[in-house]
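What follows is a set of notes on a single structure, which appears directly below.
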Amino acid sequence: MIRILAFVAGLGGAAGLSQFPEFSQQYLQRLGGAADGLRPAIEAFDATAADAGITRQQALDRFLVSDDPFLQDQGLTKAAEIERFSTLERNYVALREASPLQRLGQVYRLNDRSLIGATWDDFRPAVPVTIDGFICAAIGFSAVWLILMGLFKGIGAVIRRTWQENPTEQIRDLEDQMRELEDQIDGLKSEPQEDQARQPD
């Protein structure tokens, strides 16, 4: 039964991970689009700073140290925008240069929740037809199978050790009942012998 459960779960892992190459490709497209969407505003900000003879960071600092709350908020917003653009661009370049299997090792770069949600909403699972898809399916099956078999064995070992060291109340009750039954059987065996001993010769 345990092997059947592990096998069925392994098939689920294979089906799920086989979709990763296509999902990561669609995520990559959205990632590039998000970075391109922010690029003009970032470049315009940098150009304005350069025209003023200051760096990007110096321009941000002027907003952030201002006594005007509005300018401070503008500085915080622009700083967050620049940080997001840098993260998107960095992850996009890394994932674009990686193969689908290599992306599996860089899954941590698929970390933008809004992009993941948008990609998932439009994603339609399909039967894998590429080598990468089949390899990912094999990895998914093997990983789930090994994890579950190890988990089941670990749980079984703990249960067996617990039973050996601390018998349950049910087991102790069963042992007591067996002893009482043995005593009753011994008593029934001894009664005929006592009757024979009391009979005169």
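Taking my numbering, the leading residue of the sequence shown gets -6, the next gets one more, and so forth. Backbone N, C-alpha and C define an ideal beta-carbon position, used for all residues, glycine too.
Excluding residues up to 5 positions away in sequence, 20, 23, 24 and 27 lie with their Cβ nearer than 7 Å to the Cβ of residue 108 in the same chain. With respect to residue 67, residue 78 sits apart: the two C-beta atoms are not nearer than 8 Å.
Approximately 6 Å separates the beta-carbon atoms of residue 128 and residue 94; this is inside 8 Å, confirming the contact. Fully enclosed alpha helix (DSSP H) runs of no fewer than 4 residues occupy 49 to 57, 62 to 89, 93 to 97 and 106 to 115 of the stretch 40 to 127, in order along the chain.
Counting the other CB atoms within 10 Å of its CB gives residue 87 a total below 16, which places it among the exposed residues. By the C-beta criterion, the stretch 42 to 62 is judged not to be in contact with the stretch 124 to 142, since fewer than 3 inter-stretch pairs fall below 8 Å. Within a 10 Å sphere around the beta-carbon of residue 130 sit 16 or more other beta-carbons, which makes this residue buried. Taking a contact as a CB-CB distance under 8 Å, the pair residue 133 and residue 10 counts as one, their CB atoms being some 3 Å apart. For residue 135, the secondary structure class from DSSP, reduced to helix, strand or coil, is helix.
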